[in-house]
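The next block holds one structure in the form of structure tokens; read it before the comments.
2 protein chains.
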Amino acid sequence: MNEVSYVNGETRIFGIVGHPIAQVRSPEMVTAELVRRGWNAILIPIDVLPQDFDACLAQLMRVANLDGLIFTIPFKQAACRLASALGEQARSVGAVNALARGRNGWVGEVFDGLGCVEAFRRAGHSFKNQRVMLIGAGGAGRAIAFAVAAESPRSLRIFDIGAERASRLAASIAELNPDIDARFGKPTVEAIDILMNASPVGMLSDPRMPIEVTQIPPAVIVFDAIVKPEPTRLLELAQQSGCRTVFGRQMMHGQISKVVDHFEKHNATLV
Amino acid sequence: MNEVSYVNGETRIFGIVGHPIAQVRSPEMVTAELVRRGWNAILIPIDVLPQDFDACLAQLMRVANLDGLIFTIPFKQAACRLASALGEQARSVGAVNALARGRNGWVGEVFDGLGCVEAFRRAGHSFKNQRVMLIGAGGAGRAIAFAVAAESPRSLRIFDIGAERASRLAASIAELNPDIDARFGKPTVEAIDILMNASPVGMLSDPRMPIEVTQIPPAVIVFDAIVKPEPTRLLELAQQSGCRTVFGRQMMHGQISKVVDHFEKHNATLV
Chain A
931 MNEVSYVNGE
941 TRIFGIVGHP
951 IAQVRSPEMV
961 TAELVRRGWN
971 AILIPIDVLP
981 QDFDACLAQL
991 MRVANLDGLI
1001 FTIPFKQAAC
1011 RLASALGEQA
1021 RSVGAVNALA
1031 RGRNGWVGEV
1041 FDGLGCVEAF
1051 RRAGHSFKNQ
1061 RVMLIGAGGA
1071 GRAIAFAVAA
1081 ESPRSLRIFD
1091 IGAERASRLA
1101 ASIAELNPDI
1111 DARFGKPTVE
1121 AIDILMNASP
1131 VGMLSDPRMP
1141 IEVTQIPPAV
1151 IVFDAIVKPE
1161 PTRLLELAQQ
1171 SGCRTVFGRQ
1181 MMHGQISKVV
1191 DHFEKHNATL
1201 V
Chain G
931 MNEVSYVNGE
941 TRIFGIVGHP
951 IAQVRSPEMV
961 TAELVRRGWN
971 AILIPIDVLP
981 QDFDACLAQL
991 MRVANLDGLI
1001 FTIPFKQAAC
1011 RLASALGEQA
1021 RSVGAVNALA
1031 RGRNGWVGEV
1041 FDGLGCVEAF
1051 RRAGHSFKNQ
1061 RVMLIGAGGA
1071 GRAIAFAVAA
1081 ESPRSLRIFD
1091 IGAERASRLA
1101 ASIAELNPDI
1111 DARFGKPTVE
1121 AIDILMNASP
1131 VGMLSDPRMP
1141 IEVTQIPPAV
1151 IVFDAIVKPE
1161 PTRLLELAQQ
1171 SGCRTVFGRQ
1181 MMHGQISKVV
1191 DHFEKHNATL
1201 V
């Protein structure tokens, strides 16, 4: 009788908790990173109904060979209350996407924004003293804004179709770091160094662009958090304009590295 | 960035629940059988502390992409109360080792004994009208006794170092099927057709045999539920005596087939 080689009684379990769950990419991607680091571990999809979240997670976290959890829609905010300690980004953003079983409890942090910053770092781009235009102040935009703010940009202009939401986010950033000129701003490609889209405009079959321009100055670095299509129309225009680009996929890879770093750093059994 | 091919967002989850868990073989073996049948599924180890069992299982069973559970030591009896319907063997034995999510609730059955009978069937041996000597009336012996009893043997002699336990098991068998001459009996290789060991005597580095003989009549079929060492001293003697044998490993394979049949039969999402 055959045996598979990728799971056995000693395999440490990680999970991604969401609802629905079939669309997530973490199982195949994070598991590959866990295995690449030499661990006998797997990350499985865990489909939890929203009304079951609190009771179910309390018990899942008692499973003795479960070492870490990732949270996706709609649980990133709710996951904050599961952590006994929160990282700096999680406290600012008010969301957790990775929870690691540590020696003294569960440690939560959010890596959506940090993954984006990591992607920039790997591509050789720094935010320091740069003028950043960020479009989108929802969950992703919020995480990216706080992570970028930690990199000491000169200015941060934030736009959202909900102007109030963008203004509030800008105010939070300015309060956290008064050295950054953070405020609401209309989408523009002029007098900026980095253009970032964290809005859903342009996703899947949406033919629009988050900013209505036909040309981008070639010195501007253009980022789009959207993974499908690849490239988005915004990134296509950026490439045609001779800009350097950072793709949603690169942010995703940055997130995965950061999440597994988090598991590695805190995990009592794996290190 | 790499991806693994054996788990993704659509993978259906199965688990083996026990404590401790590192020693179990079901993850690699049952997963292989699930995959062999063409399912996107995996069976993972789930280490649950005994004091957490009821609360934890109640919540695990609400995870929407979890389709089946196997139970091992020390939870086979406790698992009975999780089922909304019990199979015939589970009712007789008072234990459940496989629980499948069915359309109308969770269906529990115990396949320890049925797996042994399946191993005999595959080897071409029938219990019908045979005289069976069974050593061991613990969990495994109990399951094997009831499964063998369903195959209409002529007689069943049961021995256990706890004579009371063996007598009670024999009485239960006789009550269930009065056509079987079931009773307590000292270990013997005379006037029997099938010799079965379901006691732990001879396991791992235990040098003893469950029955003190130096020769077994070659017409006797000899079975040992013990998987390590392989062969056990009993099976070694049987082979030297020219007997046909059924190994613990064959019972294990029979169990795996039966367990996955059970998942396949009841599972609302997989069929």
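Taken in order, these protein sequences are the chains called A and G.
931 is the number of the first residue of the first sequence in the working numbering; add one for each residue after it.
931 is the number of the first residue of the second sequence in the working numbering; add one for each residue after it.
Each residue gets a CB set at the ideal place from its N, CA and C atoms; glycine is no exception.
Since the structure is predicted, the reported quantities are computational estimates derived from the model, not experimental observations.
*Grouping DSSP H, G and I as helix and E and B as strand, with all else coil, what is G/GLN989?*
Helix.
*DSSP on A/VAL1201, reduced to helix/strand/coil?*
In this prediction, A/VAL1201 has a pLDDT of 45, which is less than 50 and means its spatial position is unreliable; nothing more can be read from the coordinates.
*Minimum C-alpha distance to A/ILE1074 - residue among A/GLU1142, A/GLY968, A/ALA1093, A/ALA1025*: Per the Cα distances, A/ALA1025.
_Does any residue of chain G have a CB that is nearer than 9 Å to the CB of A/CYS1010?_
Interface annotation, A/CYS1010: not in contact with chain G, CB-CB separation never under 9 Å.
*Can you have a look at G/ARG1033 and say buried or exposed, based on whether 16 or more other CB atoms are within 10 angstroms of its CB?*
Label assigned to G/ARG1033: exposed.
*Can you round the beta-carbon distance between A/ALA1096 and A/PHE1089 to whole angstroms, since I take them to be within the 8 Å contact cut?*
Contact flag correct, Cβ pair sits at about 6 Å.
*asked:* In whole angstroms, give me the CA-to-CA distance for A/VAL1023 and A/PHE1076.
replied: Straight-line Cα distance between these residues: approximately 7 Å.
*Among residues of its own chain, excluding the 5 on either side of A/ARG1052, which ones have a beta-carbon nearer than 6 Å to its beta-carbon?*
Once the five neighbours on either side are set aside, A/ARG1052 has no close Cβ partner at all.
*asked:* Within 10 Å of its beta-carbon, does G/GLN1145 have 16 or more other beta-carbons around it, so buried, or fewer, so exposed?
replied: By the neighbour-count rule (16 or more Cβ atoms within 10 Å), G/GLN1145 is not buried but exposed.
*Under 9 Å between the Cβ atoms of G/PRO975 and A/ASN938?*
The Cβ-Cβ distance between G/PRO975 and A/ASN938 falls below 9 Å.
*Is it the case that the Cβ atoms of A/ALA1104 and A/ASN1127 are separated by a distance below 9 Å?*
No, these two residues do not count as a Cβ contact at 9 Å.
*asked:* Residues of chain A with CB closer than 9 Å to the CB of G/ARG955, please, in chain order.
replied: Neighbours of G/ARG955 in chain A, taken as residues at a C-beta separation under 9 Å, are given in chain order as GLU933, ASN938, GLY939.
*G/GLY1038 and G/LEU1016 look like a contact to me (Cβ under 8 Å); what is the Cβ gap, rounded to whole Å?*
Their Cβ separation, rounded to whole angstroms, is 5 Å, which keeps G/GLY1038 and G/LEU1016 in contact under 8 Å.
_Segment limits, alpha helix (DSSP H) that includes G/GLU1094_ = 1093 to 1106 is the extent of the alpha helix (DSSP H) around G/GLU1094.
*Whose CA, out of G/LEU1086, G/ASN1107, G/GLU1142, G/LEU1134, lies closest to the CA of G/GLY1115?*
Comparing Cα-Cα distances from G/GLY1115 to each of G/LEU1086, G/ASN1107, G/GLU1142, G/LEU1134, the minimum goes to G/LEU1086.
_If you reduce the DSSP assignment to three classes, tell me which class G/ILE974 lands in._
Correct three-state label for G/ILE974: strand.
_I'd like to know if G/ASP1042 contacts chain A, where contact means its C-beta is closer than 9 Å to some C-beta of that chain._
G/ASP1042 does not count as touching chain A.
_Exposure of A/ILE1122, with buried meaning 16 or more beta-carbon neighbours within 10 Å_ = The residue is buried, with at least 16 neighbouring Cβ atoms inside 10 Å.
*If you measure from the beta carbon of G/ASP977 to each beta carbon in chain A, is any gap under 9 Å?*
Look at G/ASP977: its C-beta is under 9 Å from a C-beta on chain A.
*For G/LEU1134, count neighbouring C-beta atoms within 10 Å of its own C-beta (all shown protein chains included) and say buried if the count is 16 or more, exposed if not.*
By the neighbour-count criterion, in which 16 or more other beta carbons inside 10 Å mark a residue as buried, G/LEU1134 falls on the exposed side.
_If you reduce the DSSP assignment to three classes, tell me which class G/VAL965 lands in._
Here G/VAL965 sits in helix by DSSP.
*Does the beta carbon of G/ALA904 come closer than 9 Å to any beta carbon on chain A?*
Absent from the structure is residue 904 of chain G, since the part of chain G shown begins at 931 and ends at 1201.
*Could you tell me how far apart the beta carbons of G/VAL1047 and G/GLU1081 are, in whole angstroms, since I believe they sit closer than 8 Å?*
Confirmed, about 6 Å.
*asked:* Against G/MET959, what residues of chain A qualify as contacts under a CB-to-CB distance less than 9 Å, listed in chain order?
replied: Against chain A, a Cβ distance below 9 Å from G/MET959 picks out MET931, ASN932, GLU933, VAL934.
*Provide the residue(s) that pair with G/GLU1039 in DSSP beta bridges, ordered along the chain.*
Note: G/GLU1039 sits in a beta bridge opposite G/ALA1028.
*Select from the segment 971 to 1003 of chain A all residues with a C-beta closer than 9 Å to any C-beta belonging to chain G, and list them in chain order.*
Those residues of the segment 971 to 1003 of chain A that come within reach of chain G (Cβ to Cβ, closer than 9 Å) are ILE972, LEU973, ILE974, PRO975, ILE976, ASP977, VAL978, LEU979, ASP982, ALA985, CYS986, LEU987, ALA988, GLN989, LEU990, ARG992, VAL993, ALA994, ASN995, LEU996.
*asked:* Against chain A, does G/GLU1194 count as a neighbour if the rule is that its beta carbon must be under 9 Å from one of theirs?
replied: No, no contact with chain A.
*Thinking just about the alpha-carbon of each residue, which of G/ILE1000, G/ILE1151, G/GLY1068 is nearest to the one in G/VAL1062?*
The residue among G/ILE1000, G/ILE1151, G/GLY1068 with its C-alpha nearest the C-alpha of G/VAL1062 is G/ILE1151.
*asked:* With a threshold of 9 Å between beta-carbons, can A/ILE1156 be considered close to chain G, or not?
replied: Chain G, which has no Cβ nearer than 9 Å to the Cβ of A/ILE1156, makes this no.
*asked:* Check whether the segment 1004 to 1020 of chain A and the segment 965 to 975 of chain G touch, using three or more Cβ-Cβ pairs below 8 Å as the test.
replied: When Cβ pairs closer than 8 Å are counted between the two stretches, the segment 1004 to 1020 of chain A is seen not to touch the segment 965 to 975 of chain G, the count staying below three.
*Decide if A/VAL1201 is buried, meaning its Cβ has at least 16 other Cβ atoms within 10 Å, or exposed.*
Here A/VAL1201 scores only 45 on pLDDT, less than 50, and its place in the model is too uncertain to base an answer on.
*Residues in its own chain within less than 8 Å of A/VAL960 by CB, not counting five upstream and five downstream?*
Once the five neighbours on either side are set aside, the close Cβ partners of A/VAL960 are PHE944, ILE946, LEU973, ILE1000, ILE1186, VAL1189, VAL1190.
_Could you compute how far the alpha carbon of G/GLU1142 sits from the alpha carbon of G/LEU1165?_
If I take the Cα positions, the gap works out to 13 Å.
*For G/LEU1064, which three-state DSSP category applies?*
Three-state result, G/LEU1064: strand.
_Strand pairing of G/PHE1193, partner residues [DSSP]_ = Answer by DSSP bridge pairing: none, since G/PHE1193 is not bridged.
*asked:* What does the Cβ neighbour count give for G/ASP984, buried or exposed, with the cut at 16 atoms within 10 Å?
replied: Burial call: exposed.
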